[in-house]
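Numbering (my numbering), first residue to last: 9 to 611.
Ideal Cβ positions, reconstructed from N, Cα and C, are used throughout, including at glycine.
To start, the structure itself, in structure tokens.
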């Protein structure tokens, strides 16, 4: 009887997470067959291994004697292999491709409200007017549809399918369970891979079609492995593929279908694969959040933006789950070790691999890890709603940028560095560069650039670094940030409305940041700006009718000087620029619609 299982981390890549996901799906199937219900399964990351705990023991004798054949993953049939791959238990790639094409043909002719509902995973009544959407696994099918990858994949699936007409499925499932079983007293011990390999040979020796022991370790599920001279004692220089026990490779492929997210990149044949890395999470929670997340990821994106949207949208999906499942929120808190619920405690982030298209194959060019933002922490549904608004605002801002333009690519890179980290330095790099972007784009007179709102900006900064509250609530800081705003984005807006009473101070943010390394130079630059600002206010009051903007008082300078003495000029300068180029929210002020909101229907 087993209810705890351990999965070794042997590669440090998403291959380990896929293996754990495959084991969990196997357990899910076995519990459904032998207990007749969905098990409650908790997965926990212990550094060098995963621990999987079920809420009821599994009788291995019953598993061995009474398990029925099941099909977690199917063959993939294409135009090139349809003669050799059976139709039964197969996914038809050509059929899915045509289904996708027809869906987007219909969607392109729909009004913007329908397109937007599909992009955001919105109103079900609106989406009901569309034909059935394409398979969520279409991009995975595309990734599999390369000659070498598809052959290896179908070979592994074929080995599992060969068990269908035998009485061996139960013994094989028992071998798999025992491979990940605990040691004495239920404690961790390394996985029994060699014992499982030996047991498989004994099981399969009477069946000629079960002769396979090892399978190619495909880069699709083993990103750190590739073709090369891999023999321990090579007797030639001929390259070859790495091999692995086929049941391990089968479990990884099962895991890829269950939790992997593969996306082709926009304007490219390259692709990225994202695999969630669980910290401590219930299976039920993971599935509900993952379903919501995938609904919000229907389209191809450019490489850096794809990383950003993956993190933002998964975090939003988690917060949405908290809002919608108040009755089960206790299970979230119970499986969390903190009073405040942080998505990053449940899911540490995403492994990501970048695959470069080489025609008939794809090569791994980069492996990375994207953390979920640690500053997103909530205790109530109201807090979840507020942070959802913050994340939505951030997404609207980053979606403005075109990755094929150098300055905008740099903005995206700064923002990505921030969203996957728990420190503000990259965010201030972003807001400084963004101040120039806002002023430059604002001069064009087309779509006004989106800006952070002061309320949401404050929530972000205080959530990330709570001691910033003292600075942001200081009246001197707020009044000087107001002066910067009035001299830049507000003055530019007035200019577009033919109100030219106040000069627009282009480059003010960059000038202040450039002087911020030295407190005396920064105070001199800030003092010069405020002197000119007050002088301009006085001149306008003498010659023009109101309303007028507020002037800065000597007490404001005293406050900002005290803050600089306490926190340093660099931090104060960056905060002033961030807030100076943000906008004050108004309840009756809708966000402008941009073409990017609906023009996303690329194939």
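Indicate the three-state DSSP secondary structure (helix, strand or coil) for residue i in the structure shown.
i           : result
residue 389 : helix
residue 113 : helix
residue 253 : strand
residue 311 : helix
residue 138 : coil
residue 503 : helix
residue 508 : coil
residue 64  : strand
residue 154 : coil
residue 302 : helix
residue 558 : coil
residue 72  : helix
residue 165 : helix
residue 174 : coil
residue 523 : coil
residue 192 : helix
residue 455 : coil
residue 92  : coil
residue 19  : coil
residue 46  : coil
residue 411 : coil
residue 78  : coil
residue 229 : coil
residue 187 : helix
residue 278 : coil
Give me whichever residues DSSP pairs with residue i in a beta bridge.
i           : result
residue 59  : 14 and 52
residue 365 : 370
residue 83  : 98
residue 359 : 283 and 377
residue 289 : 51
residue 349 : 386
residue 273 : 309
residue 591 : 461
If you drop the 5 nearest sequence neighbours on each side, which residues of the same chain put their C-beta closer than 7 angstroms to that of residue i?
i           : result
residue 274 : 308, 309, 310 and 610
residue 121 : 134
residue 78  : 37
Would you mind reading off the limits of the alpha helix (DSSP H) that contains residue i?
i           : result
residue 489 : 483–495
residue 223 : Residue 223 -> not in any alpha helix (DSSP H); beta strand (DSSP E) instead, spanning 222–224.
residue 471 : 462–472
residue 22  : 22–42
residue 515 : Neither: residue 515 is in no alpha helix (DSSP H) and is coded neither H nor E.
residue 144 : From DSSP, residue 144 is part of no alpha helix (DSSP H); its letter is neither H nor E.
residue 538 : 527–551
residue 447 : 433–450
residue 480 : 477–480
residue 216 : Taken as a continuous stretch (DSSP letters only), residue 216 belongs to no alpha helix (DSSP H), as it is neither H nor E.
Apart from the five residues on each side of it in sequence, which residues of its chain come closer than 6 angstroms, Cβ to Cβ, to residue i?
i           : result
residue 142 : 107, 108 and 111
residue 182 : 68, 71 and 72
residue 223 : 164, 254 and 257
residue 602 : Below a pLDDT of 50, predicted positions are generally treated as unreliable, and residue 602, at 45, falls in that range; the measurement from the model is reported next regardless. Closer than 6 angstroms at the Cβ level, and outside the excluded window around residue 602, lie 455.
residue 176 : 211
residue 329 : 296 and 297
residue 376 : 360
residue 435 : 426
residue 592 : 462
residue 326 : 297 and 351
residue 580 : 571 and 572
residue 160 : 224 and 226
residue 24  : 17
residue 382 : 352 and 430
Contact defined as beta carbons within less than 8 angstroms: I believe residue i pairs with residue j. What is the distance between those atoms, to the nearest angstrom?
i           : j           : result
residue 558 : residue 490 : 7 angstroms
residue 422 : residue 409 : Not confirmed; about 11 angstroms, so no contact.
residue 467 : residue 363 : The Cβ separation is near 37 angstroms, so there is no contact.
residue 479 : residue 560 : The Cβ separation is near 17 angstroms, so there is no contact.
residue 588 : residue 492 : 3 angstroms
residue 320 : residue 402 : 6 angstroms
residue 475 : residue 398 : At roughly 19 angstroms, the Cβ-Cβ gap does not stay under 8 angstroms, so residue 475 and residue 398 are not in contact.
residue 395 : residue 384 : 6 angstroms
residue 26  : residue 290 : With a Cβ gap of about 19 angstroms, residue 26 and residue 290 do not count as contacting.
residue 149 : residue 99  : 7 angstroms
residue 83  : residue 162 : 6 angstroms
residue 61  : residue 287 : The pair is not a contact, with the Cβ atoms about 14 angstroms apart (cut-off 8 angstroms).
Once you ignore the five residues that flank residue i on each side, which residues in its own chain have a CB closer than 8 angstroms to its CB?
i           : result
residue 167 : 218, 220, 223, 254 and 258
residue 322 : 284, 297, 301, 351, 355, 358 and 380
residue 10  : 65, 66, 68, 185, 189 and 190
residue 511 : 495, 499 and 544
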